[in-house]
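Engineer: Pasting a structure here, questions to come.
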Amino acid sequence: MTGISTPTTLAQLVARSRRLGADRSVCNWGGGNTSAKADEIDFRGHPAPVLWVKGSGSDLATVTEASFTGLYLDDVLPLLERERMSDSEMVDYLAHCFYEPGRPRPSIETLLHGFLPFTHIDHTHADATNYFACAANGETLARECFGDALIWIPYRRPGFGLAREVALALRAHPHAQLVILAKHGLITWGATDEDCYTSTMRIITQARNFVEERIVHADRTAFGGFRISLLAADERRTIAAQVAPVLRGLVSAKQRQILRFEDGEDVLAFASSQDAPRLTTIGAACPDHLVHTKPWPLLVDWTPAQDVAALEEALRAGVAAYVEKYRRYLDDNAQQNLDPDAETPVLRASDAAADPHPRVILIPGAGLFTTGKDAAMADVSAQLYHRAMAVMRGAEACGGFISLSDVESYAVEYWPLEQYKLKLAPPEREFARNVVLVTGAAGGIGSAICRRVAQDGAHIVATDIDLAGAEQLASYLNQHVGNGRAVAVQMDVTNEASVQAAFMQAALAFGGLDVIVNNAGLASSAPIVETSLAMWNKNWNVLATGYFLVAREGFRLMQAQGRGGNLVFVASKNALVAGKNAAAYSTAKAAEAHLARCLAEEGGQFGIRVNTVNPDAVLAGSRIWDSSWRQERAATYGVAPDQLEEVYRKRTTLGVNILPEDIAEAVAFFASPTRSLKSTGNILNVDGGIAGAYPR
């Protein structure tokens, strides 16, 4: 039963798992598990058979050796002789079987791997075999496809009972080559690592070819064909950007959500199809989907023949109806026994903390929105629904798509062992679930602000007239903070159309905004008699008009969201105490600061806070000090340009230069959803002790 001990057993298992996980049509995100058995040396120095199995909460596509748990097989196998075992008893028992302490908690389906008499085992949720598993006529067609090689197991929630049932079925049919778990997935095996992988892929290919041939012979358009016409690509993305803040506000009533929009061919074909109204009410295509997609999506009652206002109203009505339906589902199932193998029923009161809002929102003719606590989880919901659409298409050709009942769905969605996976996530950080747009993001202060809030969980829309600089920053953040956490958008704050387009891109990227940092900068200095009209207008256009345009679009978006918001203006000490030979700059900065106070007054009724940070001279990392401003300021103090930084250090009480990170910290305080929650219309000076930076 066990293989020859080699130091590569676990490494081979990791490599095989990654090969399977690389194809999402074979292995859903976070779903499925793999195992291998080998003789290892125990702590006494004696050989012992060990089961290596994927730990709970990891994804096959990205597993490492640390993702797997080793269990003494001689301790696991006696459990097969038991007739029943509760989930809690199973978890407690397996905790005593660890080969190496400190490994992850074993997978929910560990006993499935332990009980089967094969050295290498794959359990996947492949689309092709789930065509059968989720079809009304699935068992009959699966037997037609695989013959006596197949064992079919009616639906049962994963755990001890299912593992034992599969093992006993294989005892009765020792020549079987695969097991299909109804409404669930596939089990395959092999004597060697490569044999197992080859068997898995052969069976999946055989199932896919069988069903695809049926689809061709049936000559039936997928999902019954289109019931409405599709919008053009530019039009549907424009509409999606317009309604995204409304939708984000609706689904964020419990807690803020990040949105993802997709409009691929499969999405459009399904959302706009004749069969979508029926199929979207049936249920999930796999139990593993439930935590991320809920039992059903929301299909919005709207067609492209209607306008955007009608779509917004349809979203409001649709989300409200969905919430009511989901709450009924919770109430109807709250007292069911979530552990049928337990001697004493485990009852569960209605979960008041459950978020009743949809995770998948289909807009006919336009596309699909998914939600999540961050961009990664919104992407997971989207990935899983792509798999659901593929399974529905195949299952419809096999007699019609079926799913778990509401009772079965609830038992998985709120199963303590499934909920445990969610508890593995670390506590959310200060700016988690928040989307922050920063203007002038490519500069020293702007990039410091982006880095500061991103490291505490924010999603970033980095805007700048310098698109290459913004893209470089976004690339850095995605690499160091998390892929998909930042986007770069070109924005000229002096151009109304450019500002509006940038906000549309922000809405399309993450669904909306929670914080806007008005930071775009400009530095020009000259005595009044030498100040040209062009210089005056440039200062005013960037620092006053630009801040107005950004704030206006921000107010519009935040009011559409209906969840409040936060604006932080980065002004200057010159807004309070004018600088020498800086009439244009100081006047524009004063207007900027006063605009912020005006907006604080206006935004209160909408829950929008507006505060201002006043930096003094920030030399390090700031692009203005590479410009003519450095030359002009150096001339003012009668020093060479390369001596200017030392002059500013000497002017501070402690001789400390102000860094971009100092400004970023002040912005983070005002932008915080907790630390300054009851503060608006305020000004915070960051002056390093320089005389004149404070109001007097």
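Here the numbering used here is used: the first residue of the sequence shown is 4, the next is one more, and so on.
Glycine included, each C-beta is placed from N, C-alpha and C at the ideal position.
Everything numeric in this text was worked out from a predicted model, so none of it was measured.
#1: Consult DSSP for Leu119 and reduce its assignment to one of helix, strand or coil.
#2: Can you tell me which of the three DSSP states Gln260 falls into?
#3: Ignoring anything shorter than 4 residues, give me the alpha helix (DSSP H) runs that lie fully in the region 505–559, in order along the chain.
#4: Between which two residues does the beta strand (DSSP E) harbouring Ser370 extend?
#5: At which residues does the alpha helix (DSSP H) containing Arg331 begin and terminate?
#6: With a cut-off of 8 Å on the beta carbons, I'd call Ala510 and Leu440 a contact; round off their distance for me.
#7: Hey, could you find the ends of the beta strand (DSSP E) Glu43 is sitting in?
#8: State the DSSP-derived secondary structure class of Leu387, mapped to helix, strand or coil.
#9: Helix, strand or coil: which one does DSSP assign to Arg612?
#10: Based on Cα-Cα distance, which residue from Thr306, Phe118, Ala221 lies nearest to Arg174?
#11: What separation, rounded to the nearest whole angstrom, lies between the Cα atoms of Ile519 and Val573?
#12: By DSSP, does Val246 sit in helix, in strand, or in coil?
#13: On a CA-only basis, which of Asp78, Gly549, Cys289, Pro50 is nearest Tyr413? Give me that one, please.
#14: Assuming Pro361 and Val322 make a contact with CB atoms under 8 Å, what is their CB distance in whole Å?
#15: If you drop the 5 nearest sequence neighbours on each side, which residues of the same chain put their C-beta closer than 7 Å to that of Thr11?
#16: Any idea what DSSP makes of Gly460, helix, strand or coil?
#17: May I ask you to list the residues that DSSP assigns as paired with Glu265?
#18: Can you grab the Cα-Cα spacing for the pair Ile242 / Pro307, in whole Å?
#19: For Arg159 versus Glu147, is the C-beta spacing smaller than 8 Å?
#20: Using DSSP with H/G/I as helix, E/B as strand and the rest coil, what is Val56?
#21: Using the Cβ count rule (16 or more neighbours within 10 Å means buried), how would you classify Leu171?
#22: Between Glu92, Gly402, Phe551, Phe672, which lies nearest to Val616 when the distance is taken from Cα to Cα?
#23: Hey, Pro107 and Ser59 are a contact pair by Cβ (cut 8 Å); roughly how many whole angstroms apart?
#24: So, does the region 202–209 touch the region 130–137, judging by three or more C-beta pairs under 8 Å?
#25: Pro300 and Val363: beta carbons closer than 8 Å?
#26: Going by C-alpha to C-alpha distance, which of Gln608, Val613, Leu536, Arg566 sits closest to Ala554?
#27: Please give the ranges of any beta strand (DSSP E) in the region 177–226, keeping only runs that are unbroken, at least 3 residues long and fully inside the region.
#28: Using three-state DSSP, classify Gln562 as helix, strand or coil.
#29: Among Thr590, Gln386, Ala581, which one has its Cα closest to the Cα of Phe264?
#30: Taking 8 Å as the cut-off, does the region 382–398 touch the region 278–292 (at least 3 CB pairs, one atom from each stretch)?
#31: Which runs of the alpha helix (DSSP H) spanning at least 4 residues fall entirely within the region 477–503, listed in chain order?
#32: Could you check whether Leu63 and Gly35 sit closer than 8 Å to each other, using their CB atoms as the reference points?
Structural biologist: By the coordinates alone:
#1: Stepping through the sequence shown from its first residue, residue 119 is reached at position 116. Of the three classes helix, strand and coil, the one that applies to Leu119 here is coil, per DSSP.
#2: The sequence position of residue 260 within the sequence shown is 257, counting from 1. For Gln260, the three-state secondary structure derived from DSSP is coil.
#3: If you keep only unbroken alpha helix (DSSP H) runs of at least 4 residues inside the region 505–559, you get 536–543.
#4: Counting from 1 along the sequence shown, the entry for residue 370 is found at position 367. In the sequence as displayed, the identity of residue 370 is Gly instead of Ser. Residue range 370–375 is occupied by the beta strand (DSSP E) that includes Gly370.
#5: By one-based count along the sequence shown, residue 331 stands at place 328. Element bounds for Arg331: 311–336.
#6: Looking up residue 510 in the sequence shown gives position 507. Looking up residue 440 in the sequence shown gives position 437. Not confirmed; about 10 Å, so no contact.
#7: Counting from 1 along the sequence shown, the entry for residue 43 is found at position 40. Per DSSP, Glu43 belongs to the beta strand (DSSP E) from 36–44.
#8: The residue given as residue 387 occupies position 384 in the sequence shown. Leu387 carries a helical assignment under DSSP once its states are collapsed to helix, strand and coil.
#9: Counted from its first residue, the sequence shown places residue 612 at position 609. Correct three-state label for Arg612: strand.
#10: For this step, residue 174 is matched to residue 171 along the sequence shown. Per the Cα distances, Phe118.
#11: Here residue 519 refers to the residue found at position 516 of the sequence shown. Here residue 573 refers to the residue found at position 570 of the sequence shown. Between Ile519 and Val573, the alpha-carbon positions lie close to 11 Å from each other.
#12: Taking the first residue of the sequence shown as 1, we reach residue 246 at position 243. Looking at Val246 - three-state DSSP - the assignment turns out to be helix.
#13: Position 410 of the sequence shown, counted from the start, is the residue given in the question as residue 413. The shortest Cα separation from Tyr413 among Asp78, Gly549, Cys289, Pro50 belongs to Cys289.
#14: Stepping through the sequence shown from its first residue, residue 361 is reached at position 358. Stepping through the sequence shown from its first residue, residue 322 is reached at position 319. Correct: roughly 7 Å between the Cβ atoms.
#15: Along the sequence shown, read from residue 1 onward, the residue named residue 11 stands at position 8. Excluding residues within five positions, none has a Cβ falling inside 7 Å.
#16: Indexing the sequence shown from 1 puts residue 460 at position 457. In the three-state DSSP reduction, Gly460 falls in the coil class, being neither helix nor strand.
#17: Along the sequence shown, one-based indexing puts residue 265 at 262. Beta-bridge annotation (DSSP): Glu265 is paired with Leu371.
#18: Start at 1 with the first residue of the sequence shown, and residue 242 comes out as number 239. Start at 1 with the first residue of the sequence shown, and residue 307 comes out as number 304. Cα-Cα distance, rounded: 10 Å.
#19: Within the sequence shown, residue 159 is the residue found at index 156, counting from 1. Within the sequence shown, residue 147 is the residue found at index 144, counting from 1. Contact flag unset, no.
#20: Working through the sequence shown from its first residue, we reach residue 56 at position 53. Strand, per DSSP.
#21: Start at 1 with the first residue of the sequence shown, and residue 171 comes out as number 168. When all chains shown are included, Leu171 counts as exposed.
#22: Locating residue 616 in the sequence shown gives position 613, counting from the first residue. Ranking the options by Cα distance to Val616, first place goes to Phe672.
#23: In the sequence shown, the residue the question calls residue 107 occupies position 104. In the sequence shown, the residue the question calls residue 59 occupies position 56. With a beta-carbon spacing of about 6 Å, Pro107 and Ser59 fall inside the 8 Å limit used to define contacts.
#24: Note that the region 202–209 touches the region 130–137; at least 3 beta-carbon pairs, one per stretch, sit closer than 8 Å.
#25: The count along the sequence shown starts at 1 and reaches residue 300 at position 297. The count along the sequence shown starts at 1 and reaches residue 363 at position 360. A distance below 8 Å separates the beta carbons of Pro300 and Val363.
#26: Position 551 of the sequence shown, counted from the first residue, corresponds to residue 554. Ranking Gln608, Val613, Leu536, Arg566 by CA distance to the CA of Ala554 puts Val613 first.
#27: Fully enclosed beta strand (DSSP E) runs of 3 or longer: 181–184, 188–193.
#28: Mapped onto the sequence shown, residue 562 falls at position 559. Helix at Gln562.
#29: Position 261 of the sequence shown, counted from the first residue, corresponds to residue 264. Of the listed residues, the one whose Cα sits closest to Phe264 is Gln386.
#30: Taking 8 Å as the limit for Cβ pairs, the verdict is that the region 382–398 does touch the region 278–292.
#31: The region 477–503 contains no complete alpha helix (DSSP H) run of 4 or more residues.
#32: Translated into positions along the sequence shown, residue 35 becomes position 32. Translated into positions along the sequence shown, residue 63 becomes position 60. Taking 8 Å as the Cβ cut-off, Gly35 and Leu63 qualify as a contacting pair.
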